[in-house]
Structures are given as structure tokens and as C-alpha cells.
Amino acid sequence: MISTTSSTAEMVTQGKFQINAEENVQDKNSGRLGCCGWMLVIISLLFIAATFPVTIFMCVKIVQEYERAVIFRLGRIADRKPKGPGLFFVLPCTDNFVKVDLRTVSFDIPPQEILTKDSVTVCVDGVVYFRIQCPISSVANVSNAHSSTRLLAQTTLRNVLGTKNLAELLSDREGISVSMQESLDEATDPWGIKVERVEIKDVKLPHQLQRAMAAEAEASREARAKIIAAEGEMKASRALKEASLVIAESPSALQLRYLQTLNSIAAEKNSTIIFPLPIDMIQNLMQRK
């Protein structure tokens with residue numbers, strides 16, 4: 001069993017080495033021009049030497065600090081390395097170059113009608129920030145890096161939000177943005193693109209759902225208000241009970257409370273004066289009748 005496992009591992013390792021060797025051979029072959037290619041390059045150099053004062057302006061090119069130039073010599077990428085910034089030299093007859101902007105680019109994701117995991121239809125839009133980190137891959141591996149990234153961002157937005165509930169969509173926007181950024185960055189890595197940031201701009205809910213959520217929130221607030229009022233009444237009744245026990249232990253406390261009430265009435269300049277009658281006196285009068 002151990003020998004079988006070791007032999008399998010050796011076969012896998014040998015296969016990887018063979019694949020890497022083939023890729024290296026292809027890379028070396030892609031950089032070779034061949035006899036005909038070198039003949040054309042030599043002819044181009046002779047042409048430049050023969051018409052030196054004029055062709056010098058066709059051979060010298062300039063790219064800005066934020067740009068790089070990918071040079072194609074007879075259809076092959078020269079030097080496997082972008083040129084710039086500043087001056088660089090090209091052959092007018094055999095070379096062609098493509099400028100690539102390395103600055104961060106942002107674009108809006110159009111509003112997408114998305115069905116969430118709990119079967120709610122919402123309209124979501126966002127914004128994506130990305131930049132080109134490998135100019136050669138962005139030119140050689142994809143026909144239009146910017147357009148492809150835009151289309152991929154729309155589909156990724158649908159795929160990611162389709163696995164979320166409405167509550168998660170409304171409360172966990174930061175987590176959704178990070179998940180989208182990781183998915184886009186992994187998908188666009190072969191294109192030489194680095195996705196720096198993804199943000200969810202707005203989530204639009206249907207009007208019926210908005211009214212239902214508002215009614216639910218209002219009912220929840222009313223229920224909490226009733227619970228708080230009931231708790232306040234219970235605490236007030238307990239306080240009154242304790243006050244009555246204190247007054248029952250000291251009869252003079254009732255007289256002091258009566259004087260305090262008269263003082264508060266007099267402070268308001270009220271002509272009405274209340275004289276409380278003890279319950280015992282009323283009970284005695286009722287018994288005599």
C-alpha cells in the first residue's frame with residue numbers, strides 16, 4: 001500500500017515537472033523570431049539607418065508615469081516585459097505597441113433585479129474599483145479587460161446576493177462587499193487585474209414590502225411601549241405599597257403629608273383647600289345611622 005502511494009506521488013511529481021518543462025519551452029519558443037523574423041528585423045534596422053534623420057521620430061515613443069507599453073514584434077511579445085515610463089525604442093516596420101493604463105478605475109454596477117434566498121425581489125447596485133497590475137496579461141489573455149471585468153462584476157453580484165437573506169443583505173453590507181471583492185479578484189487574476197474594493201451603493205425594496213416592514217416595525221415599537229408602561233405601573237404600585245406601610249407604622253406621617261400637600265397648593269395660588277377626613281370617622285357615622 002505504501003509503495004503504491006509513493007509511486008502515485010512520483011507520477012504526479014513527474015507530470016508536474018513535464019508540464020513546467022513544456023511551459024518553459026513554449027515561453028522560449030514564443031520569444032524566438034526565427035530566421036525570417038530576424039531577416040525582417042535586420043532589414044528594418046537598415047531602413048532606419050538609411051533614413052536616419054526622418055525615422056528617428058517614428059522609432060522613439062513616450063509613455064507617462066502611470067502607463068506601460070506592451071511591444072509586439074512580428075506578433076510576438078518582445079522581452080516578456082512592458083516598457084516605460086519614459087522613452088523607449090520601437091522598430092517602425094516590425095513593432096507594434098499597446099498602451100496600458102495602470103491607474104485605479106471605478107465603474108458603477110447597473111441596478112440588478114436579484115431574488116434573495118428567502119424569495120424577496122430587490123434591486124441592488126454597486127461600485128467596483130480595480131487596476132491593472134500585469135499589463136502583458138491584460139493585453140494577451142483577454143480581448144477587453146475593462147469590459148470583461150464589468151460583465152463579471154454584474155454576474156458576481158447576482159451570484160453572491162442570491163445566497164443571502166434579506167436581513168443579511170440589509171445588515172451585512174461590509175461582509176457582502178468583501179466576499180464580492182475576493183470572488184472578483186480570484187476570477188480576474190489571470191487577466192492581470194487587481195480588484196481593490198467593491199461597495200454596495202443602494203438596496204431598493206418593493207413598495208409593498210416597505211409598507212409591510214414599516215407596519216411590522218411600528219407594531220414592534222407599540223408592543224415595547226406597552227411592556228415598558230406596564231413595568232412602570234408595577235414599579236409604581238410597589239412604591240405606593242411600601243409608602244402605605246411606612247405611613248401605617250407612623251400616624252404622624254399622614255399629617256405631615258397633608259401639610260406638604262397644602263403647601264404645594266398654596267404655592268400655585270389656588271383658592272381651593274382640601275380637608276381630608278379620616279376613614280374611621282366616616283365609618284363611625286355610618287354605624288350610628
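So for the sequence shown, full-length UniProt numbering puts the first residue at 1; every next one is plus one. From the three backbone atoms N, C-alpha and C, an ideal C-beta is built for every residue, glycine too.
With 16 or more neighbouring CB atoms inside 10 Å of its own CB, residue 82 falls in the buried class. Approximately 13 angstroms separates the beta-carbon atoms of residue 65 and residue 99; this is outside 8 angstroms, ruling out the contact. For the pair of segments examined, the region 112-123 was found not to touch the region 70-84: the number of CB pairs separated by less than 8 angstroms stays below three. Looking from the CA of residue 58, the closest CA among 41, 39, 43 and 90 belongs to 90.
When the alpha-carbon of residue 140 is set against those of 240, 53, 234 and 76, the nearest one is in 76. Contact annotation, residue 74 with residue 94: C-beta distance approximately 5 angstroms; criterion of less than 8 angstroms satisfied. Ranked by how close their Cα comes to the Cα of residue 117, the residues 243, 158, 52 and 222 have 158 in first place. Residue 195 sits buried, since 16 or more C-beta atoms from the chains shown fall within 10 Å of its C-beta. The Cβ-Cβ distance between residue 114 and residue 192 does not fall below 8 angstroms. About 14 angstroms separates the Cβ atoms of residue 180 and residue 203, ruling out a contact at the 8 angstroms cut-off. Of the residues assessed, residue 135 falls on the buried side of the cut-off, its CB having 16 or more other CB atoms within 10 angstroms. The beta carbons of residue 129 and residue 106 sit closer together than 8 angstroms.
Assigned with DSSP and collapsed to three states, residue 226 falls in helix. The three-state secondary structure of residue 235, taken from DSSP, is helix. In summary, residue 188 is buried, with 16 or more beta-carbon neighbours lying within 10 Å of its beta-carbon over all protein chains present. With contacts defined as CB atoms closer than 8 angstroms, residue 131 and residue 104 qualify as a contacting pair.
DSSP lists no beta-bridge partner residue for residue 117. In the displayed model, residue 64 falls within coil according to three-state DSSP, outside both helix and strand. In the DSSP assignment, residue 95 falls outside any alpha helix (DSSP H) and lies within the beta strand (DSSP E) extending over 95-101. About 25 angstroms separates the beta carbons of residue 184 and residue 205, which is beyond the 8 angstroms limit, so they are not a contact pair. Under the 10 Å beta carbon count, residue 62 is surrounded by fewer than 16 other beta carbons and is classified as exposed. Minimum Cα-Cα distance from residue 127 among the listed residues 119, 143 and 110 corresponds to 110.
Taking C-beta atoms under 8 angstroms as the contact rule, residue 265 and residue 254 fail to qualify, at a distance of about 17 angstroms.
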